[in-house]
Every structure is written in structure tokens, then in C-alpha cells.
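Engineer: Protein sequence lines correspond, in order, to chains R and H.
Here my numbering is used: the first residue of the first sequence is 1, the next is one more, and so on.
Here my numbering is used: the first residue of the second sequence is 1001, the next is one more, and so on.
Here a beta-carbon is modelled for each residue, glycine too, at the ideal position from N, C-alpha and C.
Dumping the structure here so I can ask a few things about it.
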Amino acid sequence: MRTITYTEALREALNEEMKRDADVFLMGEDIGVYGGAFGVTRGLLERFGPERVRDTPISEQGFVGAAVGAALTGSRPVVEIMFMDFITLAVDQLVNQAAKLHYVFGDQARCPLVLRTVGGGGRCYGPTHSQSLEAWFTHTPGLKVVAPTTPADAKALLKAAIRDDNPVVFMEHKLLYGCRGEVPGGSNLTAPLGKARLARTGSDITMVAWSWMAQEAERAADDLQAQGVSAEVVDLRSLVPLDIESVTASVRKTHRVLIVQEAARTGGFGAEIGCRIFESVYDYLDAPLRRLTTPDVPLSASPVLERAAIPDRWRIAQAALELVRG
Amino acid sequence: MRFEHMLNAYRTMLVIRFFEQKVESLFSRGVIRGTTHPATGQEAVAVGVCSALRKGDFITSTHRGHAHFIARGADPSRMMAELFGKATGYSRGRGGSQLMADYALGFLGGNGITGGSIPIATGAALSAKLRGTGKAAVCFFGDGASNQGTFHESLNLAAIWKLPVVYVCENNLYAMSTPAHKALSVAHVADRAAAYGIPGVVVDGNDLLAVQESVRAACDRARRLEGPTLVECKTYRLSGHSRGDPCHYRSRAEVKTWRNRDPIRRFRKALLDRGILSPAADRQLRREARAVVTQAVRFARHSRDPDPATLEDGVFA
């Protein structure tokens, strides 16, 4: 099968959905001539023109709100927020507006809005360009939250998000953009939101992760293999809706679980996963569940400090080993 | 405006006034829970604006939205049922006073966040332009909201993209208790239009026909895709900000001055002076308007509560 990058996969999804549905349009800062800060929308302006590939002023609250209004009245906007940290500026429109409309106003109000944004560290961009803020949005009923890891999932889930009639926060990762992976050709690739991916099968321990951490967990599984530990990796892909059954099924099999999250520890989505495991498969656990996260600190620009903060394959493997060997 | 339309507009203003008075009384007696923000005294803005719109045009409203919704043709019974928290209410008891909508009327909803609807109206205008529907969007907001970032970002977006949207500021002189002159850096909200290179118009918000005329002109400009207009309607709320507001921040003399400019009284006088309305017909219209509100309360009282079993329904489409 052909291999393409995560970025190319996202671009294919946008291209195909814009071709398929004239109501789909893109909006964001520097997505036109520049092609987006990370190059995802490169070439789409030439193809679809400035009305549908719409450069915005630096007005996150304004253009996210405009996307909500457009989505309510027949369009299907796909908004790019250049860094996930900037989503703070648009939170009212997501949390108080988009998330509530269908519940309150019923079927007449549909908000098919996709908000693409990029989270995560690894590039030394510092405290305000590196955060993973997904837990704020998983905590808001009415928003879907998707965080694909592989290029194939990036493409399939972005297409599914665009076709979804709900507001979707679609979280990409800086370190994933350049990653290559197998992606089937043709424009029929979609996947349902809310199905986890069994990235590795194993029998000694379950590692649950999403986005870049899922890839690091897969690498850790390779390292663990060399040490005789068989690790299963569950890549959540979508946090809301959440496929908790895939997690609990794996825990029932392995009896040990390590949850890996790039975001800061307290109140992170990993805590939710841990709690759900306790609620339903507590008696299957042979060891206390463990979380590996960034500690409760802002991320630093210094490469040394950033590396010290964010979990990586080595620390994941180390933690898993400790859990398995007791 | 044809006589028949003028009488309709007058009747709608009466329904709004009686509706709001009834709601205030129901709240003060504890019959309805929660909060509400009456638009008493601001009827001419709501009715003047809505009478300038076409079917299919979009409206976004505010926390003080009953008047806008009634003026756009909402059913007062379903509104009252929403205030009572009943299953027959516009939002099945989920929204309350601030969050009602009827998309068939183009009414995209009230809003609990001051200034929250300004970008939403802007987006409705963007989709109207992208889809070539010929519709316009009208955005109600208050003087207080004109200090929010949403206002400034939206006016800029609409101006650079020449969106078919009309921003209608109801300047009732107070953002809750804060007087506009202490919170605004300019004398008029409309002065802010200059910063975005769009027309800013000041109109007497207690003069229904003046409001209608300026909004109609702004909508015409919007539909020609020449860009947005900011229309500032100077008005006054004769009631408190929300239920339980003792109004310590304004003088009795000021309230009295504005009572003398009551938009309903003014419009009635104009209709009587021009012979469009007779005193007998006026009494009849008032009876009818009161009956609408009485019927609304009856409907709400006799409606069923929402079923708690539906609590988790409809979070997602």
C-alpha cells in the first residue's frame, strides 16, 4: 500500500470533502497562500479559491463564532486554530454556544463544525504553543473530541468529523505531521468516531494512549518486547465518544494498565480512563493502575526542560516494566 | 407602512408589554423560578427591526430577548411554557428565559452570554453569502455588549468580507447598573462603526417607524453585499435589569423622563392623531393583547413538565 504523511492525509481529507460537498469551507489564520502554519492546507486555495479557503484576521473568538453561525445555517465550516493554546480565545463560542445548541434547541439546531487544531510539545515552542488541552473539551457535554495518531486515521477521522452534525474538536500533533503511514487510496476511506484502535496486541500489560503518546507507546512496546514483556497498546483515537469497551476488554486480558497522557496530570483525560477502569473491571487488576503524564507544570521552551516534562518511549517502557515485574 | 401593518405593529408591542409585565409578576410571586430580563420600554426596537425583515432572514437575540422573539412571530404560549420550564416550551424547559429559538422563523436564539451572539449572526451572514441565498442577518445586542471583543472582531470580519449583516445596538443606557457613559470610550456606540469603515447610524429607538426605516435601509445595503451597518437605537428599559433589581443606580426623575417617551404611548398617539386608530379600537386591541398573554399563562400552567427520563437525550445530533 502507498505511504503518505499525516499532513498529506489531512490535506487529502479536506480536498475530498470539499470536492464532495460544496457547503464545506475552510477558515483560519494563514491557511491560504501560506498553506497553514504547518502546511496542512497547502494548495487548497489554488484549487477552491478564497471564498472557500478563507484567510481570517487574528480573531479566534470572532471567526470561531462565525463558524458556529455558518454551521447553524447550512454550511459545514472546518476551522483551523493555529496552535491549540489559542483555543482559549474562542472557548466561549465552543463551550457556551456550539456545545449547547442542539441539547437546548433540539433538532432544528445542528452545528456541523470541525475545529482543527494542533496540540503537544516536542518542538520547544514554550509554555503557550505546546499544550494539550483536550480535557477542557471532553469535560464539556456536546463537544466531540478526536485525536488521531496514524495518517490513515487522520484522513478517515477528519472525513468523519466533517460529515458529523456536531461540533468536533479535532486535535492534531506537531510531531505527527511528518510521520508516514499506509493510507489506502481512493476517497471512500472513513471510520466511525468512537472506536479505539488496537495498535499492538499483547498479554502482559495494557497501555492506553492517544495522539503522539500512542505512537510513543508503540515504540515502548517494541522495547518491552526485547525484554520479554508483551504489551498491548490501545490508541483511543476519539476521546468523545469514548470506546471504553476496547480498554476494559484489554485490561480483562492483561490485568495491568498504564495510562499515558501528554497533558498535565491533574484533571487530565487519563484520570477519566483510570476511573472508568476501576468502575467496571477493578477486580481484574493484578496491580494498581498507573498514570504517566507531564507533571503539573507549564511546559518550558528549553529542550532539556521540555524533555524532562513529557513522557517518552523510554519512560513508558520503564513504567510498564515496573508494573509488570512488581 | 400600510395602516394594517401599523396596527399589527402596535398590537405586537402591546403583547410584548403585557407579556413582560405578566412575567415580572409571576417571578415576583415565585410562580416561575430562575431569572428573566424584561424588555419593557424597548418594544419599538424589536418590532421596528422585525417589521423591516423578510421571511428567511436570520436574527440573533440576547438575554433580553422576549420582545425580539414575539416581534418575529413566536407563539407567546410556547414562550410562557418555556419560562415555566414545561415540556411544551420552545426549548422543552432546557433553555428558560434566555434560550429560545425557532429556526423556521430564522430566529437563531437568545443568548446567555453578553455579546455571545454577535459572531454567530456574522457567521449566518457568511453562510448566506457563500450559499448565495440573498438572506440578511440581524444581530441584536446592548450597549454593554459593544465593549466585548466579539463586537469588535465581528464588525471587522463583516466589514472586510462585506457580509449581509445588520448590527442593531439597543442602547438602553445601562449595562445592568453601569451607565453607558462610564463604560464607553465614545459618546455613541454608533461612533465605533468608523473604526471598521462601515456606516454607523443613531436612531430614536422609541420611534418604531424611525427604527424600521433605518434597518430597512441597512438590510438593503446588506443584500446588495455592500457590507454591514451598525444601527444604534437609543432606548430605555422601564423595568429593572433582571427580576429583583431595585434600580438604585438611576434616579426617579430619569425614569419619569423616559416614561414620557414610552414607545407604545407615542405610537398610539400617532395612530390616534392620524385617525388610523379609534379609542374604541384601541380598547379592543388591548383586550386582545391581554387575552393572548392570559391564554399563554393558562397554556403554560396546564402543560406537562419535562420527563426526567429525557435528561440525557439530545446532547448530540
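Evaluate contact between the region 1014–1034 of chain H and the region 1188–1204 of chain H, counting only Cβ atoms and requiring at least three cross-stretch pairs below 8 Å.
Structural biologist: Segments in contact, no.
Engineer: For R:T128, which residues in the same chain have their Cβ closer than 6 Å to its Cβ, ignoring the five residues on either side in sequence?
Structural biologist: On the first sequence, position 128 is the one that residue 128 of chain R refers to. So the qualifying residues of the chain are D85.
Engineer: When the cut-off is 8 Å and only beta carbons count, does H:S1303 lie next to chain R?
Structural biologist: On the second sequence, position 303 is the one that residue 1303 of chain H refers to. Not one chain R Cβ lies under 8 Å of H:S1303.
Engineer: Tell me which residue opens and which closes the beta strand (DSSP E) that R:V24 is part of.
Structural biologist: What you label residue 24 of chain R is simply residue 24 of the first sequence in a count that begins at 1. Element bounds for R:V24: V24 to G28.
Engineer: Curious, which full-length alpha helix (DSSP H) runs of at least 4 residues does the region 1239–1264 of chain H contain?
Structural biologist: DSSP runs (the alpha helix (DSSP H)) wholly in the region 1239–1264 of chain H: 1252–1259.
Engineer: Applying the 10 Å Cβ sphere with the 16-neighbour rule, what's the burial state of R:D164?
Structural biologist: Here residue 164 of chain R refers to the residue found at position 164 of the first sequence. Buried.
Engineer: Please return the same chain residues whose Cβ sits closer than 7 Å to the Cβ of R:A320, not counting the five positions on each side in sequence.
Structural biologist: Position 320 of the first sequence, counted from the first residue, corresponds to residue 320 of chain R. I205, M207, A220, L224, V229, A231 and L258, listed in sequence order.
Engineer: Return the CA-CA distance between H:L1014 and R:R237, expressed in angstroms with no decimal places.
Structural biologist: Within the second sequence, the letter at position 14 stands for residue 1014 of chain H. Within the first sequence, the letter at position 237 stands for residue 237 of chain R. Their backbone Cα atoms lie some 56 Å apart in a straight line.
Engineer: Would you mind reading off the limits of the alpha helix (DSSP H) that contains H:N1171?
Structural biologist: Here residue 1171 of chain H refers to the residue found at position 171 when the second sequence is read from its first residue. Premise fails: H:N1171 lies in the beta strand (DSSP E), V1165 to N1171, not in any alpha helix (DSSP H).
Engineer: What number of angstroms, rounded off, separates the C-alpha of H:E1082 from the C-alpha of H:R1033?
Structural biologist: If you number the second sequence from 1, residue 1082 of chain H lands on position 82. If you number the second sequence from 1, residue 1033 of chain H lands on position 33. Looking at the two C-alpha atoms, the distance is approximately 11 Å.
Engineer: Enumerate, from N- to C-terminal direction, the unbroken alpha helix (DSSP H) stretches of 4 or more residues contained entirely within the region 1171–1221 of chain H.
Structural biologist: Counting only runs of 4 or more, we get 1180–1183.
Engineer: Mind listing the chain R neighbours of H:R1092? Cutoff is C-beta to C-beta under 9 Å, in chain order.
Structural biologist: Position 92 of the second sequence, counted from the first residue, corresponds to residue 1092 of chain H. Those are V104 and G106, listed as they occur along chain R.
Engineer: R:E262 and R:I310: beta carbons closer than 8 Å?
Structural biologist: Your numbering for residue 262 of chain R matches position 262 in the first sequence. Your numbering for residue 310 of chain R matches position 310 in the first sequence. Result yes, Cβ atoms of R:E262 and R:I310 sit closer than 8 Å.
Engineer: With a cut-off of 8 Å on the beta carbons, I'd call R:V33 and R:R11 a contact; round off their distance for me.
Structural biologist: Taking the first residue of the first sequence as 1, we reach residue 33 of chain R at position 33. Taking the first residue of the first sequence as 1, we reach residue 11 of chain R at position 11. The pair is not a contact, with the Cβ atoms about 15 Å apart (cut-off 8 Å).
Engineer: If R:Q61 sits next to R:D30, beta carbons under 8 Å apart, how far is it from one beta carbon to the other, in whole angstroms?
Structural biologist: Position 61 of the first sequence holds residue 61 of chain R. Position 30 of the first sequence holds residue 30 of chain R. Not a contact, Cβ separation roughly 17 Å.
Engineer: Within a Cβ cutoff of 7 Å, which residues of the same chain sit near H:G1134, ignoring the five residues on either side of it in sequence?
Structural biologist: As a working note, residue 1134 of chain H is residue 134 in the second sequence. So the list reads R1223, once near-sequence residues are dropped.
Engineer: How would you write the range of the beta strand (DSSP E) that H:L1285 sits in, first residue to last?
Structural biologist: Against the second sequence, residue 1285 of chain H aligns to sequence position 285. Run containing H:L1285: none in the beta strand (DSSP E); it sits in the alpha helix (DSSP H), P1279 to H1302.
Engineer: Quick one: does R:F63 have its CB under 8 Å from some CB of chain H?
Structural biologist: For the purposes of this step, residue 63 of chain R is taken as residue 63 along the first sequence, with counting starting at 1. With 8 Å as the cut-off, R:F63 counts as an interface residue toward chain H.
Engineer: Starting from the C-beta of H:S1242, find all residues in its chain whose C-beta is less than 6 Å away, skip the five residues before and the five after it, and write them out in chain order.
Structural biologist: Within the second sequence, residue 1242 of chain H is the residue found at index 242, counting from 1. Closer than 6 Å at Cβ, skipping near neighbours: T1035 and H1037.
Engineer: Is the beta carbon of H:V1047 closer than 8 Å to that of H:T1088?
Structural biologist: Numbered from 1 along the second sequence, position 88 holds the residue referred to as residue 1088 of chain H. Numbered from 1 along the second sequence, position 47 holds the residue referred to as residue 1047 of chain H. Against a cut-off of 8 Å, the Cβ pair of H:V1047 and H:T1088 comes out as no contact.
Engineer: Starting from R:A220, trace the alpha helix (DSSP H) in both directions and tell me its first and last residue.
Structural biologist: If you number the first sequence from 1, residue 220 of chain R lands on position 220. Unbroken alpha helix (DSSP H) run through R:A220: W212 to A226.
Engineer: Between which two residues does the alpha helix (DSSP H) carrying R:H129 extend?
Structural biologist: Here residue 129 of chain R corresponds to residue number 129 of the first sequence, with the count starting at 1. Element bounds for R:H129: n/a, residue is neither H nor E.
Engineer: In terms of residues, what are the limits of the alpha helix (DSSP H) holding R:R116?
Structural biologist: Along the first sequence, one-based indexing puts residue 116 of chain R at 116. Where R:R116 is concerned, there is no enclosing alpha helix (DSSP H), although the beta strand (DSSP E) it sits in stretches over V114 to G119.
Engineer: Just how far apart, CA to CA, sit H:L1272 and H:G1144?
Structural biologist: If you number the second sequence from 1, residue 1272 of chain H lands on position 272. If you number the second sequence from 1, residue 1144 of chain H lands on position 144. The alpha-carbon atoms of H:L1272 and H:G1144 are separated by roughly 36 Å.
Engineer: My output table needs one value for R:D92: the three-state DSSP class, helix, strand or coil.
Structural biologist: As a working note, residue 92 of chain R is residue 92 in the first sequence. If DSSP states are grouped into helix, strand and coil, R:D92 belongs with the helices.
Engineer: Please report whether the beta-carbon of H:I1113 lies at a distance below 8 Å from any beta-carbon of chain A.
Structural biologist: Protein chains R and H are contained in the structure displayed, whereas chain A is not.
Engineer: Give a yes or no on whether the minimum CB-CB distance between H:P1306 and chain R is below 8 Å.
Structural biologist: Indexing the second sequence from 1 puts residue 1306 of chain H at position 306. So, not an interface residue.
Engineer: I need the DSSP call for R:G172, collapsed to helix, strand or coil.
Structural biologist: Working through the first sequence from its first residue, we reach residue 172 of chain R at position 172. The sequence given here has Glu at residue 172 of chain R, not Gly. Three-state result, R:E172: strand.
Engineer: Measure the C-alpha to C-alpha separation of R:R76 and R:M18 and round it to an integer number of angstroms.
Structural biologist: Stepping through the first sequence from its first residue, residue 76 of chain R is reached at position 76. Stepping through the first sequence from its first residue, residue 18 of chain R is reached at position 18. Answer to the nearest angstrom: the Cα atoms are 10 Å apart.
Engineer: Give a yes or no on whether the minimum CB-CB distance between H:E1153 and chain R is below 8 Å.
Structural biologist: The count along the second sequence starts at 1 and reaches residue 1153 of chain H at position 153. Cβ-Cβ to chain R under 8 Å: yes for H:E1153.
Engineer: Assuming contact is defined by CB atoms lying nearer than 8 Å, are R:L72 and H:L1108 in contact in what I supplied?
Structural biologist: Taking the first residue of the first sequence as 1, we reach residue 72 of chain R at position 72. Taking the first residue of the second sequence as 1, we reach residue 1108 of chain H at position 108. Against a cut-off of 8 Å, the Cβ pair of H:L1108 and R:L72 comes out as a contact.
Engineer: Drop a sphere of 10 angstroms on the beta-carbon of H:D1313, count the other beta-carbons inside from all chains shown, and report buried for 16 or more, exposed for fewer.
Structural biologist: Here residue 1313 of chain H is taken as the residue at index 313 of the second sequence, counted from 1. That one is exposed.
Engineer: Quick one: what does DSSP say R:V281 is sitting in, helix, strand or coil?
Structural biologist: As a position in the first sequence, residue 281 of chain R is number 281, starting the count at 1. Residue state, collapsed to three classes: helix.
Engineer: Can you say whether H:M1080 is buried or exposed, counting buried as having 16 or more other CB atoms within 10 angstroms of its CB?
Structural biologist: Taking the first residue of the second sequence as position 1, residue 1080 of chain H is located at position 80. Classification for H:M1080: buried.
Engineer: Taking only beta-carbon positions, decide if R:S59 is within less than 8 Å of chain H.
Structural biologist: What you label residue 59 of chain R is simply residue 59 of the first sequence in a count that begins at 1. Yes, R:S59 lies at the interface with chain H (some Cβ there is under 8 Å from its Cβ).
Engineer: Can you grab the Cα-Cα spacing for the pair R:Q131 / H:R1304, in whole Å?
Structural biologist: Position 131 of the first sequence, counting from 1, holds the residue named residue 131 of chain R. Position 304 of the second sequence, counting from 1, holds the residue named residue 1304 of chain H. The alpha-carbon atoms of R:Q131 and H:R1304 are separated by roughly 47 Å.
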